[in-house]
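Okay, so here's the structure we're looking at.
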Amino acid sequence: MQSDLNGAIAYYENVSESLADDFHDEFWSGIAKVLENPKICHFDSSGLRRCNLERFPYHFLYDIRLA
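Each residue of the sequence shown is one higher than the last, beginning at 322 in the numbering used here.
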């Protein structure tokens, strides 16, 4: 995931530094949202949960595991 995130940030940096900052902030806001309420996002076809970013055409997949 880290290399995908870095690639997306690099892409947006080529467009605009502020756009890259916005993408970074929205991604980590999505992570915080999921940590606060893990069941907030829907399942995708693989059975993992999918969190779509609101402003950017990106998403991340996650699974809830009991500790």
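All C-beta atoms, glycine included, are put in the ideal place defined by N, C-alpha and C.
Query	Result
Take Cys362 and list the residues in its own chain whose beta-carbon comes closer than 7 Å to its own, dropping the five residues that flank it on each side.	Val355, Arg370, Arg371 and Cys372
Helix, strand or coil for Phe344, going by three-state DSSP, please let me know.	helix
From this set, Leu387, Ile385 and Phe381, which residue's C-alpha is nearest Trp349's C-alpha?	Phe381
Out of curiosity, what's the CA-to-CA distance linking Gly351 and Asn335?	23 Å
What is the residue span of the beta strand (DSSP E) that Tyr379 lies within?	Here Tyr379 belongs to no beta strand (DSSP E), and DSSP marks it neither H nor E.
Spatial neighbours of Glu347 within its chain, please: CB distance less than 8 Å, with the 5 preceding and 5 following residues excluded, ordered by chain position.	Leu374, Glu375, Arg376 and Phe377
Hey, could you find the ends of the alpha helix (DSSP H) Gly328 is sitting in?	Gln323 to Val336
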